[in-house]
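One structure is given below, encoded as structure tokens.
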Amino acid sequence: MIVRRIGNYKPFTTVDGCRIVEVIGMKTTKTKDVSVAYATVKPKQKTLTHNHEFVEVYVILKGRGVMYIDSESKPVKKGDNILIPAKKWHCIENTGKTNLKIMCICTPAFSKEKTKLRNL
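Under the working numbering, the letters of the sequence shown match residues 155 to 274, in that order.
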């Protein structure tokens, strides 16, 4: 059994300023089938548009924003779950006054090699 508490791990900052803590995944638990990470997006911040060769789910834990997937955009807030199909360009923008906190679940597990950034 693997039990991991988010507060026990150091976050890293991505090129767009988003703070990420991976608690389950290839780097942290050698798990290839799924990964779980927590992301924090600051107010007025927008993540870089990117896609993956795997499915991702965002669970909004705190705050509000706008989710962009390809040419579609929708407002999101605490309690929302967003399915991001493989190979779809996506990003999220924090439109609130507090940090936007997201749980990110990838299957198979997140891989930097299977992730592409747009406009870099």
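C-beta atoms are modelled at their ideal positions from N, C-alpha and C, and glycine is treated no differently.
For clarity, every value in this text was computed on a predicted model and none was experimentally measured.
Original post:
If K200 sits next to C245, beta carbons under 8 Å apart, how far is it from one beta carbon to the other, in whole angstroms?
Top reply: One-based indexing of the sequence shown puts residue 200 at position 46. One-based indexing of the sequence shown puts residue 245 at position 91. Confirmed, Cβ separation roughly 6 Å.
Original post:
Under three-state DSSP, which class holds G161?
Top reply: To locate residue 161, count along the sequence shown from 1; it is residue 7. Three-state DSSP puts G161 in a helix.
Original post:
CB-CB under 7 Å to E207, same chain, minus the five flanking residues each way: which ones, in chain order?
Top reply: Walking along the sequence shown from the start, residue 207 turns up at place 53. Cβ within range, chain order: A240, K241, K268.
Original post:
Quick one, which of A263, T261, N253 has its alpha-carbon nearest G171's?
Top reply: Working through the sequence shown from its first residue, we reach residue 171 at position 17. Answer by Cα proximity: N253.
**OP:** Identify which residue in G233, S265, R272, Y192 has its Cα closest to the Cα of M180.
**Re:** In the sequence shown, the residue the question calls residue 180 occupies position 26. The shortest Cα separation from M180 among G233, S265, R272, Y192 belongs to S265.
Subject >> Integer Cβ distance of V211 from I156, believed to fall under 8 Å >> reply: Within the sequence shown, the letter at position 57 stands for residue 211. Within the sequence shown, the letter at position 2 stands for residue 156. Between I156 and V211 the Cβ distance is about 20 Å, and since that is not below 8 Å, they are no contact.
Original post:
In chain order, which beta strand (DSSP E) runs of at least 3 residues are fully inside the region 184 to 230?
Top reply: 189 to 195, 204 to 206, 209 to 216, 218 to 223
Original post:
Mind checking whether I174 and I214 have CB atoms under 8 Å apart?
Top reply: Reading the sequence shown from its first residue, position 20 is the one you call residue 174. Reading the sequence shown from its first residue, position 60 is the one you call residue 214. Note that the C-beta distance between I174 and I214 is not below 8 Å.
Original post:
Going along the chain, which residues of its own chain have a beta-carbon closer than 8 Å to the beta-carbon of D187, five neighbours each way excluded?
Top reply: Here residue 187 refers to the residue found at position 33 when the sequence shown is read from its first residue. Result list for D187: T261, P262, A263, in chain order.
Original post:
Grouping DSSP H, G and I as helix and E and B as strand, with all else coil, what is K111?
Top reply: Given that the chain is displayed from residue 155 to residue 274, the structure contains no residue 111 and the question cannot be resolved.
**OP:** Could you pull the start and end residues of the beta strand (DSSP E) that V175 belongs to?
**Re:** Taking the sequence shown and counting its residues from 1, one reaches residue 175 at position 21. Where V175 is concerned, the enclosing beta strand (DSSP E) stretches over 173 to 178.
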